[in-house]
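Report on the following structure.
In our numbering, the protein residues as written are 612 to 1257.
This is the structure in structure tokens:
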């Protein structure tokens, strides 16, 4: 009798309209149900029938029903899809395609069509890029997708590389090289510096060498000559090749495979500062005092240079650290290397006192077998020669970015604002809790931030430092000069990597315009800065994603063997804690539920970055722990671990 009853329908509608509405992000589980996360502390249960209308990551508007102390969300409106353009594995059912998204959180076969692709080019288990075209919260009966293009064969050993690049909408191959490529007439006479005995220090197998140095001792320190490869000598602004480089923004560096921003014929040959080959370069000559202070302005010119020596980090480090058999081939080179080592120590000391430096962390390099499985992971600590090149590039970037700031209204700069304005009071209260003397005014100043940094370095543990980091802003690329609190510098931009960074190419062109005396200069825009910032994020995410896949595969043996690793906690959240394995660079998640046999004895305080067990503080961010892997979830690229009791 109640079927199609208009009064009952109206009553239901009235009740529905009186229910609270919230907006949040859907978090799926592997058990069919999910949660609507409104903020860090608020979430609502989503029952399986309603989960069939949404996907993990969807931002939705939902009504919330309350029964006792429990709440349940019923998604009604899609605000933003969590899955729009995605990588998926191809399947077939009754001669119809479907796609299985690679994300482990989306356990769903989505019917799909491939209108623009010939069926002969597709096979079951191939990887494809797909686009979601239908969604139940948009009034559709079910999810549906369109196959955009094929990413990789199902049996391609490099499939994960291809999928990673496709996932982040990054190029798979380098740009095409024009049939004719010649040095441009840029209206600036190049100085002949081929007689200057410059040298490069890089990895033993590096091909894209973009910096060469020469150094001599002066009465009050050193004269450092920095020569940087000059790709804009070949790439005309707004040309097809220039637009391709801009679209890419950066060379993509992935384990065992890079995708160059410019054609390798340029980056590894014509522009690379190869030994005994004349190359066009942009050269800055600068002076550093005996105490490590940069003196005056740099002298900048376009030049033709010739690297006289190709050196490797390991060889130079061994020699300076009095290890190994390698030695410079003559006294002149030995003198330069000793001088560069001395200047590096002076610059490092100066930055420690007047700016900000951070402890060196090792790099982790994957070595692969022919089938793309991981053979081993090399731990590469920063050694003397690495520091020499790093300090040389930093001082060159400081000098030239300051030079640019005085001459053009806009350029490409790296800016870091320190603490976020909205969290400054919280950070200040935390500092005072640990008896720090900072004030709101000092935290907003570069000098005060540097002073805080040195005070934090002197603390017995890194606990406070780790907690304060979440209140700090991220480094940004901007076109107007600004302070870089993270480095403790008044101004910082780069020009030393134009082979691999388009922002450096922009700065090269600005420098050339100033050297030419151009009356009007084509300045970068805010759109350029936003574009480069977004591309930098994509590159970092891609490298991390692929590394996580390789870790998941490589560490299977350690999971079986119950290998014990040293780790450092870097994040604590309501689910547990995340730690960085110091032995290989991987990141693991340690569920809070594993920290005690009685879950009620475990209390997580994410705001204070600590976990108490049985009423006692057991773990804090920055603590060292020993861990053993308990599970590896390759599909969602995660490692789960347990703490090994002391």
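Using N, Cα and C, we set each Cβ at its ideal position, and we do this for glycine too.
Alpha helix (DSSP H) containing residue i: first to last residue?
{"i": "residue 771", "result": "770-778"}
{"i": "residue 961", "result": "942-965"}
{"i": "residue 1119", "result": "1113-1127"}
{"i": "residue 1065", "result": "1057-1068"}
{"i": "residue 877", "result": "Residue 877 -> no alpha helix (DSSP H), and no H or E assigned at all."}
{"i": "residue 1132", "result": "Counting along the chain, residue 1132 falls outside any alpha helix (DSSP H), and DSSP gives it neither H nor E."}
{"i": "residue 642", "result": "Unbroken run through residue 642: none, as it is neither H nor E."}
{"i": "residue 662", "result": "659-662"}
{"i": "residue 1042", "result": "1035-1044"}
If you draw a straight line from the C-alpha of residue i to the C-alpha of residue j, how long is it?
{"i": "residue 1026", "j": "residue 688", "result": "39 Å"}
{"i": "residue 686", "j": "residue 673", "result": "4 Å"}
{"i": "residue 1247", "j": "residue 1142", "result": "28 Å"}
{"i": "residue 740", "j": "residue 802", "result": "50 Å"}
{"i": "residue 1216", "j": "residue 1080", "result": "17 Å"}
{"i": "residue 812", "j": "residue 998", "result": "11 Å"}
{"i": "residue 1006", "j": "residue 960", "result": "13 Å"}
{"i": "residue 1131", "j": "residue 881", "result": "30 Å"}
{"i": "residue 760", "j": "residue 697", "result": "11 Å"}
{"i": "residue 1196", "j": "residue 726", "result": "43 Å"}
{"i": "residue 913", "j": "residue 841", "result": "9 Å"}
{"i": "residue 935", "j": "residue 953", "result": "21 Å"}
{"i": "residue 1076", "j": "residue 991", "result": "25 Å"}
{"i": "residue 747", "j": "residue 631", "result": "22 Å"}
{"i": "residue 661", "j": "residue 692", "result": "16 Å"}
{"i": "residue 613", "j": "residue 763", "result": "Interpretation of residue 613 is limited by its pLDDT of 49, a score under 50 that renders its predicted location unreliable; the figure taken from the coordinates is listed afterwards. Cα to Cα, residue 613 sits roughly 56 Å from residue 763."}
{"i": "residue 629", "j": "residue 1022", "result": "54 Å"}
{"i": "residue 1252", "j": "residue 1020", "result": "52 Å"}
{"i": "residue 1228", "j": "residue 1094", "result": "38 Å"}
{"i": "residue 737", "j": "residue 977", "result": "26 Å"}
{"i": "residue 905", "j": "residue 1009", "result": "9 Å"}
{"i": "residue 667", "j": "residue 1205", "result": "25 Å"}
{"i": "residue 1033", "j": "residue 967", "result": "24 Å"}
{"i": "residue 1030", "j": "residue 1069", "result": "20 Å"}
{"i": "residue 1185", "j": "residue 1230", "result": "13 Å"}
{"i": "residue 957", "j": "residue 1209", "result": "55 Å"}
{"i": "residue 1135", "j": "residue 1090", "result": "7 Å"}
For residue i, report the span of its beta strand (DSSP E) as first-last.
{"i": "residue 905", "result": "905-923"}
{"i": "residue 840", "result": "832-840"}
{"i": "residue 799", "result": "No beta strand (DSSP E) holds residue 799; DSSP gives it neither H nor E."}
{"i": "residue 582", "result": "As shown, the chain starts at 612 and ends at 1257. That puts residue 582 outside it, with no answer to give."}
{"i": "residue 992", "result": "Neither: residue 992 is in no beta strand (DSSP E) and is coded neither H nor E."}
{"i": "residue 743", "result": "738-745"}
{"i": "residue 1215", "result": "1213-1216"}
{"i": "residue 1282", "result": "The structure shown does not extend to residue 1282, since the chain is modelled only from 612 through 1257, so no value can be given for it."}
{"i": "residue 678", "result": "670-678"}
{"i": "residue 561", "result": "As displayed, the chain neither begins before 612 nor continues past 1257, which places residue 561 out of reach and without an answer."}
What does DSSP give as the partner residues of residue i in its beta bridges?
{"i": "residue 648", "result": "636, 654"}
{"i": "residue 592", "result": "The displayed coordinates of the chain run from 612 to 1257. Any statement about residue 592 would go beyond what the structure contains."}
{"i": "residue 864", "result": "869"}
{"i": "residue 1187", "result": "1184, 1202"}
{"i": "residue 1016", "result": "For residue 1016, which the question treats as bridged, DSSP gives no partner whatsoever."}
{"i": "residue 1179", "result": "1191, 1235"}
{"i": "residue 803", "result": "915"}
{"i": "residue 1227", "result": "1224"}
{"i": "residue 1208", "result": "Bridge partners of residue 1208: none, in fact."}
{"i": "residue 1100", "result": "1095"}
{"i": "residue 763", "result": "738"}
{"i": "residue 724", "result": "757"}
{"i": "residue 811", "result": "921"}
{"i": "residue 822", "result": "839"}
{"i": "residue 1005", "result": "According to DSSP, residue 1005 bridges with nothing at all."}
{"i": "residue 1109", "result": "For residue 1109, which the question treats as bridged, DSSP gives no partner whatsoever."}
With a cut-off of 8 Å on the beta carbons, I'd call residue i and residue j a contact; round off their distance for me.
{"i": "residue 887", "j": "residue 917", "result": "7 Å"}
{"i": "residue 755", "j": "residue 722", "result": "6 Å"}
{"i": "residue 860", "j": "residue 1039", "result": "The pair is not a contact, with the Cβ atoms about 37 Å apart (cut-off 8 Å)."}
{"i": "residue 947", "j": "residue 867", "result": "Not really, about 34 Å apart at Cβ, beyond 8 Å."}
{"i": "residue 656", "j": "residue 638", "result": "Not quite, the Cβ-Cβ distance comes to about 11 Å (not below 8 Å), so this is no contact."}
{"i": "residue 715", "j": "residue 1244", "result": "6 Å"}
{"i": "residue 1109", "j": "residue 843", "result": "7 Å"}
Could you confirm whether any beta carbon from chain D is found closer than 7 Å to the beta carbon of residue i?
{"i": "residue 1108", "result": "The question asks about chain D, but that chain is absent: this structure has only one protein chain."}
Worksheet item: Are there three or more Cβ pairs, one per stretch, closer than 8 Å when the region 1111-1125 is compared with the region 870-879?
Response: Judged by Cβ distances under 8 Å, the region 1111-1125 makes contact with the region 870-879, as three or more pairs qualify.
Discussion item. Across the region 1169-1178 and the region 1235-1243, are there enough close Cβ pairs to call them in contact, namely three or more that are closer than 8 Å?
Written reply: Flag = yes, the region 1169-1178 and the region 1235-1243 touch.
Discussion item. Does the region 1050-1061 come into contact with the region 1099-1115, if we say contact requires no fewer than three beta-carbon pairs (one atom in each stretch) closer than 8 Å?
Written reply: Touching, per the Cβ criterion.
Worksheet item: Does the region 918-934 come close enough to the region 1151-1170 to have 3 or more Cβ pairs within less than 8 Å?
Response: Segments in contact, no.
Discussion item. For the region 783-793 against the region 899-906, do three or more pairs of beta-carbon atoms, one drawn from each stretch, fall closer than 8 Å, so that the two count as touching?
Written reply: Counting C-beta pairs with one atom in each stretch, the region 783-793 and the region 899-906 have fewer than three that are closer than 8 Å, which means they do not touch.
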